[in-house]
Each structure stands twice: as C-alpha cells, then as structure tokens.
Amino acid sequence: MPASFRYPATAELWLSARTRVPEHPTYPIDPETDRGRHYLTVLGRLPPGISLAEAQSQLRVVQERIAREHPDEDGDVGAMLVPLREQIFGPVRPLLLALLGIAGLLLGVAWANVAHLFLARTATRSHEVAIRVALGATRASLWKLHFVEALVIASVAAAGGLAIAAFLAPALVAASPQANSLPSPRI
1 MPASFRYPAT
11 AELWLSARTR
21 VPEHPTYPID
31 PETDRGRHYL
41 TVLGRLPPGI
51 SLAEAQSQLR
61 VVQERIAREH
71 PDEDGDVGAM
81 LVPLREQIFG
91 PVRPLLLALL
101 GIAGLLLGVA
111 WANVAHLFLA
121 RTATRSHEVA
131 IRVALGATRA
141 SLWKLHFVEA
151 LVIASVAAAG
161 GLAIAAFLAP
171 ALVAASPQAN
181 SLPSPRI
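The opening residue of the sequence shown carries number 1 in this note's numbering; numbering runs sequentially from there.
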C-alpha cells in the first residue's frame, strides 16, 4: 500500500504475510504451519489491467489448491474479493447517495435564500447607492463594492464549512458500521 493509504479502521500493526513473532508467550505455534486458525484479514490493490473477475478466478484456483493440499483444515474454507467501497458502504450506498442528493437540494435552497437576502439588502440600500452615484461613483465601482462584500461573506462561510467538514468527515467515516471490519478471507 502507498504511504498515504489510510483505512478507516485504526490498524494496530501492518506486517508482511510471512512475519513471525518468535517465542510469543500466548501464541507459541508457528503461524506459517498452523492450519487451524483463520484470523487473517487481507487488504490489497489489484494490479493495473486486472479486473475483479480475473482476480477472483485466480483466487479460486489458489483456494482449490489449498483445499486439495489440506482437506481437513481448509476443505470448507473460502475467500472472496470485495471492493473496499462495497465493504465499507455495502447495502447503504443508495441511502447515502439519496442523503447526498437531499443535502445538495438543501444547499441549493440555502444559496437561493442567501441570494434573496443579498437582493433585499441591496434594495434597502437604494438611498446609500443614490448618494454614492451623486458623489460620482460609477456602475463598475458600485458592482465592485457589492461583489467584495458578497465575496467576504462567502469566504467566511466557506472557511467555516470547510472547518466543520474537516472535523466531522473522519468521525463520520469511523462511525460507519462496517468501517472496522473487512471480510474474512479465510486463507
């Protein structure tokens, strides 16, 4: 995995598959030769050009070979490939997309509301605008004034929204019911 990769669950340790802890007091059996424990979860990336179906068929070949070599321990054990996005979101993905659509609709209503508030504010400032025009202000300078005011308000709102999103996004991902578990490949 690349150094920037972060799985939503907190990983306690990343090891290669061949790592062995010698003389571990609670697990004295060599994990490479112990066929009775199926506790490993494997997370990986498919190489470029390999589809999920191709990888699943290659995995099936490996499963069958292991089942033939160790029928008593691994005869009924299987593995399957599941895309990480599907594992995390699973059957709730359509609901999350609907919520995203509702949030977008709510955002559109909020934008329309703010636009109307700016129009109302501009209408109530007609006396101020008339004074500025009387003092020699051009249309461009009036538009610039209103644009800068709107830009300042929008920038403050965007900064606040980004700060809230940066704080809540990791918590939302960690709260996902499936974020802390991957399918058990049983290999």
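We treat Cβ as the ideally placed atom computed from N, Cα and C, and that holds for glycine.
Three-state secondary structure (DSSP) at residue i?
| i | result |
| --- | --- |
| A120 | helix |
| D72 | helix |
| S126 | helix |
| V133 | helix |
| L151 | helix |
| L182 | At L182 the pLDDT is 49, less than 50, meaning the model places this residue with poor confidence and gives no usable figure here. |
| E160 | In the sequence under discussion, the amino acid at residue 160 is Gly, which differs from the Glu named in the question. Three-state result, G160: helix. |
| S57 | helix |
| P170 | helix |
| V221 | Nothing can be reported for residue 221, as the shown portion of the chain is limited to 1 through 187. |
| R139 | helix |
| A67 | helix |
| A79 | coil |
| L145 | helix |
| I187 | Any reading at I187 must be qualified, since the residue scores a pLDDT of 39, below 50, and its modelled position is unreliable; the value itself is stated next. Three-state result, I187: coil. |
Grab me the residues of residue i's own chain with a C-beta within less than 7 Å of its C-beta, minus the 5 sequence neighbours each way, in chain order.
| i | result |
| --- | --- |
| L142 | V129 and R132 |
| F118 | A150 |
| L59 | A79 and L81 |
| E64 | none |
Considering only the alpha carbon of each residue, which of the options lies closest to residue i?
| i | options | result |
| --- | --- | --- |
| A175 | V61, F89, I66 and D76 | F89 |
| A154 | H127, R139, V114 and P170 | V114 |
Determine the contact status of residue i and residue j, defining contact as a CB-CB distance below 8 Å.
| i | j | result |
| --- | --- | --- |
| L43 | A55 | no |
| T124 | H146 | no |
| L106 | P83 | no |
Using C-beta distances below 8 Å, list every residue in its chain close to residue i, excluding the 5 sequence neighbours before and after it, in chain order.
| i | result |
| --- | --- |
| P48 | none |
| L95 | none |
| A134 | none |
| L167 | Correcting the residue type first, residue 167 is Phe in the shown sequence and not Leu. Same-chain partners within the cutoff: there are none. |
Just to confirm my understanding: we take residue i, look at its own chain, exclude 5 residues before and 5 after, and list those with CB closer than 6 Å. What are they?
| i | result |
| --- | --- |
| G136 | none |
| E188 | Absent from the structure is residue 188, since the part of the chain shown begins at 1 and ends at 187. |
| I102 | none |
Does any residue of chain B bring its CB to less than 8 Å from the CB of residue i?
| i | result |
| --- | --- |
| G136 | No chain B appears in this structure, which consists of one protein chain only. |
- request: Tell me the start and end of each unbroken alpha helix (DSSP H) in the segment 81 to 117 that is at least 4 residues and wholly inside, in chain order.
  value: Within the segment 81 to 117, the runs of alpha helix (DSSP H) at least 4 residues long that lie entirely inside it are, in chain order, 84 to 89.
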